[in-house]
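Residue numbers (my numbering), protein chains in the order written: chain W, 30 to 666; chain X, 128 to 571; chain G, -19 to 302.
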């Protein structure tokens, strides 16, 4: 249990320390108004300690702990002086004296390897140039309308100039005396630039207290974001123009990008004509035509469209959406390559997650067991992509024909094959399907009489799969089986993971499984937020439940759909773990994020990998832009 | 506020620029290498490998601990599933382990060429070289400079067979490739399914086919052609290579030849789906590497008198015994006496024996799954089955390393697997599939 | 939709027809439970399989679990769990679970705090360039974070140094603390990666708090820190909890960042990595994956259900009207 203790202590220490730093800084600036001297003392001590800490980090001083502590005390003394003294001469004296004392400390304790050998000319030139720059800055500020005394700018400029001229530009190997001279002058100049300022008024103190907050509040976030994202991003953009092994990078211009877009594994349109030969395309076309036809006809006769002459109802929209979805699928099974795969991912995951999420949100709304249903759908969100991939690999397992199938999908598929090869089972099942068709016909007739045309369309559409099932069961058969040369029926499981291009879709199912819960939660909240009066008003106007849904609820939650879609696009474009674990990009399932990983990390081709990353980044940007714009509009509106 | 900000900025500039006085020369705190260099007392060495399974990782750690305790030092081993990506990230990120155990010699050569790993210390090389079969160190050499020592050897050219089926059918263990093919035909004629073949392995599906391909290339075309093939001097779309692939597929595709019928070889797990059928006699033979013992149902007896025996995947004729091997090799990233001491230990028989003891004990005294080609090991530490494997390794003439581990990653762990799978599935003709593999070979 | 059904049934048709009609009209409700069952099968099958022996898992699907005993396998068995959590050799999952907890808790709390400060500032402190800084920060969501791993790793290992031009002096910006291989390296990385989304989410919520609140606080003389501490934090509990769920799930389930940053330091590896390596090189112990995967899933499930009631309010602020 020792480990448990260490873990808890570590957690508490990390969290506590972070909180302490943040609260401490805020409390420190709270002091400015009532306890100004305390504030300046602490700031002085912290700044001096900070400067010496940096020197310590750069291994410039000996016995760093003690030196840093002394520096903190000295800095605190200067700060205290600045906080309590008002007479200008006294302030200047304390500033110069304290600065010089810090300079002595630095000069004495500096490591011998850093001792400069002064070149007087360079030192004076540096001093003058620095002072000049300081004056220039002051002058520019003055033109810009800011009134401030010139002396602090002049002195601090001189300090920086002196530092460059006397220390940095000088060669090493000087004496300690020289070092002390350089650092005392430096400290004196800085001290003077601080001491020359007049004591602050109550007004400036208040400004300090409030004006400092933006830095305190945003500072930590910016620090982290710049260090972990901005700098690496800049580096990646730069690397995208390089080629070669990591230690032998050389400039190559746009070659990586032209390589990406000419590589047939990344985008391959050679088989695009297959789109028109595919059965999917024709089914899609028929669905779209029927949907459009019914919608337009209903819209004209009933006049219930949104002023477009098109009737929006569950049936017509489902037909249209299904048709468009299938059309996309038929495009993506013909046009192959990494980029096409990514687009397919976006297409499938968004359509299915949004449609299913919306359906569940609507169906569960105020139904019995709503919370249980929603929790179960949301549950996969808690499972890692790696864990989900393990789970789904078990679902997709294909085993040799003579073994029992252990994967759910193949077990069902092979069982269907067995049933469709048994005469009695096929006939029995076909009869059941026939009954279902009759029931649907009846439903359509009733709905027709009641004037709910969406149900007519829906039940007619639902009949098609049953007709097809009867055809398959009585005719060529269905399911996972083949007939061997000897004439016996052998199970033929589907290789969900290996058979391109549909293996892509089976991997998308994993993400759909995870993301539907996310979409559902948000839609559910949005639906509950639609004002009841609006729906009531529609009902009073004679709208059916379904009409009220399509004409009131959906337009109300359209912005929410936009949020879900954009969030999903970002997630899906960056999808990485699922292909990595399930196929590692083999069998035509590569996606951009994994392509980037493989080029950069597996093959150590940072140039090409970075270029792929930049493509990915650029692809996500417009989505982010739309998202942010929408958000801003909402804030203003 | 503005004034305060100015003070901040000024001090920040001072801090940064002042810091610049720290010269590049360093800080004078040079690392001292102990008291004289011979003592390893108190030192630490980190080892990183691809063997992440709990049993293997524990056995490696146990073997390292023996050495560490004897010398008062600390050695930690970590295994990672994504070893090859991780070692890249760590080497380039400047945080490599002291020693890495590479599963692929191609990676060792790459790292040697790019200067990430160190050439073997001559003293270490002198000690290790005579302990291994001739040619072992050459696998890990650039020019005449050796970079790695072998720490684990896998034997691939083995056929596992059901002894009862062989006894009942009166089948002889084949000694040439032709006899093996004839035996296969004979079994089909007798109504016995000869082979269990499956190439499913998740993202790596297809590697079993590449193993067959390598073994057959070695036998049909000979070692020289094999070497040319690895360096792509003999192209994948060469008729000779295609003929070898077709020979394999002809063997598999004969009606009744393979347990996984109906073109579902690609759906059959490479090992997990073969243990039970082999023991049950549903199929008679499995060609699989030495690790297959772990996939036999619990309680299966092995060896010529047990339920499952093994024989050497026969050569074209009895004059030579080409053997396909694989294995892990250790290379050093840090030049320090303690690192070289561990490297020398890793190449020794003691390390192999210590690892074997730990690993076999963990498996309840059964097959351990660990082999070594080290010539000095005490064979009594292995069970009869695995001692036989080590004998095959010792008799290998010539030994060749798993070829796909030498090929560029785009081929060796990419197109060769996936296109090979297409060919096995019958989705593509062998000629088309192999032309696609050749196209995936990166141009220099 | 029930209202329509009622209206139609009240027009009085034959009872049988009505019953069929009602039955058919209730199909949508069934569809809900059909989807729920469909969604549960994968997790359920994982759980059932984790209680079955190796050979049982290999030879039949989870649905035959209750026939296992008849087929000579033992069901249910906790052997897989015992082997995963307390193996005879090696450390088992216990240490790794502690590491996971340590990573996930700290890497959840610190980004929340930092993002809350920043979101507050972006929403309620006026300063020049605020809008652009905010857009820039959120746009970083588009960065594929994998590109940051190598630069960060090398910073943690060797520190960051910058050679000044002209004078050719090298400055250490971030000291060589040798953080790689340690859990703090993972904290820092997760914190940076989480911030764009955290700021985005928290900003949506905090910006939608009523303006009067801040005005009256300002009249009372409260400064930003007091307002943040006394008003904004307590009011933002839902969104903080919502983000905490997201971030905890993400850090607990993370594989890549921990593996890259911790690398060879076995003692600090989290559970995801340890579970992923259970199967072994050739998958000989694949049957243990089920138990391992289930163990690492339990903790995020508990966290999710504990904080669930905050989730919807927090996440939908600013994206749902009303």
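Think of the CB as a built atom: it goes at the ideal place given N, C-alpha and C, for glycine as much as any other residue.
CB-CB under 8 Å to residue i, same chain, minus the five flanking residues each way: which ones, in chain order?
i, result
"residue 72(G)", "64, 65 and 66"
"residue 408(W)", "546"
When the cut-off is 8 Å and only beta carbons count, does residue i lie next to chain W?
i, result
"residue 241(X)", "yes"
"residue 548(X)", "yes"
"residue 57(G)", "no"
"residue 467(X)", "no"
"residue 179(X)", "no"
What distance in whole Å lies between the Cβ atoms of residue j and residue i, which are believed to be in contact at a cut-off of 8 Å?
i, j, result
"residue 241(G)", "residue 166(G)", "5 Å"
"residue 287(G)", "residue 224(G)", "6 Å"
"residue 490(X)", "residue 183(X)", "At roughly 11 Å, the Cβ-Cβ gap does not stay under 8 Å, so residue 490(X) and residue 183(X) are not in contact."
"residue 503(X)", "residue 630(W)", "No, residue 503(X) and residue 630(W) are not in contact; Cβ-Cβ is about 38 Å, not under 8 Å."
"residue 508(W)", "residue 443(W)", "7 Å"
"residue 39(G)", "residue 433(W)", "7 Å"
Check whether chain X comes within 8 Å of residue i, counting only Cβ atoms and requiring the distance to be less than that.
i, result
"residue 273(G)", "no"
"residue 203(G)", "no"
"residue 517(W)", "no"
"residue 285(W)", "no"
"residue 92(G)", "no"
"residue 62(G)", "no"
"residue 129(G)", "yes"
Per DSSP, residue i forms a beta bridge with which residues?
i, result
"residue 285(X)", "439(X)"
"residue 226(X)", "174(X) and 459(X)"
"residue 450(X)", "526(X)"
"residue 424(W)", "Its beta-bridge partners do not exist; DSSP assigns none."
"residue 5(W)", "Here chain W covers residues 30 to 666 and nothing more, so residue 5(W) does not appear."
"residue 279(X)", "455(X)"
"residue 327(X)", "396(X)"
"residue 414(X)", "286(X)"
"residue 333(X)", "For residue 333(X), which the question treats as bridged, DSSP gives no partner whatsoever."
"residue 145(W)", "201(W)"
"residue 271(W)", "280(W)"
Report all residues from its chain with a CB closer than 7 Å to the CB of residue i; omit the five preceding and five following residues, and keep chain order.
i, result
"residue 569(X)", "535 and 537"
"residue 240(X)", "269"
"residue 191(X)", "174, 202 and 204"
"residue 354(W)", "380"
If the cut is a Cβ gap below 7 Å, which residues of chain A does residue i touch?
i, result
"residue 138(G)", "Going by chain labels, chain A is absent from the structure shown, which instead holds the protein chains W, X and G."
Hey, is residue i's beta-carbon within less than 8 Å of any beta-carbon in chain G?
i, result
"residue 217(X)", "yes"
"residue 208(X)", "yes"
"residue 257(X)", "no"
"residue 422(X)", "yes"
"residue 399(X)", "yes"
Cutting at 6 Å between CB atoms, please list the residues of its own chain near residue i, excluding the five before and the five after it.
i, result
"residue 218(X)", "243"
"residue 150(X)", "Unreliable placement is indicated for residue 150(X), whose pLDDT of 38 sits below 50; the coordinate value is still reported in the next sentence. Taken in chain order, the list of residues that qualify is empty."
"residue 590(W)", "none"
| said: Taking contact to mean 3 or more Cβ pairs, one atom from each stretch, closer than 8 Å, check whether the region 133 to 140 of chain W and the region 240 to 249 of chain W are in contact. | reply: no
| query | Any chance the region 175 to 187 of chain G sits against the region 100 to 110 of chain G, with 3 or more Cβ pairs inside 8 Å? | reply | yes
| said: Does the region 223 to 235 of chain X come into contact with the region 516 to 536 of chain X, if we say contact requires no fewer than three beta-carbon pairs (one atom in each stretch) closer than 8 Å? | reply: yes
| message | Is it the case that the region 319 to 336 of chain X contacts the region 541 to 549 of chain X, given that we only count it when at least three CB pairs across the two stretches are under 8 Å? | response | yes
| Pairing CB atoms from the region 538 to 554 of chain W with CB atoms from the region 456 to 467 of chain W, are three or more of them under 8 Å? | no
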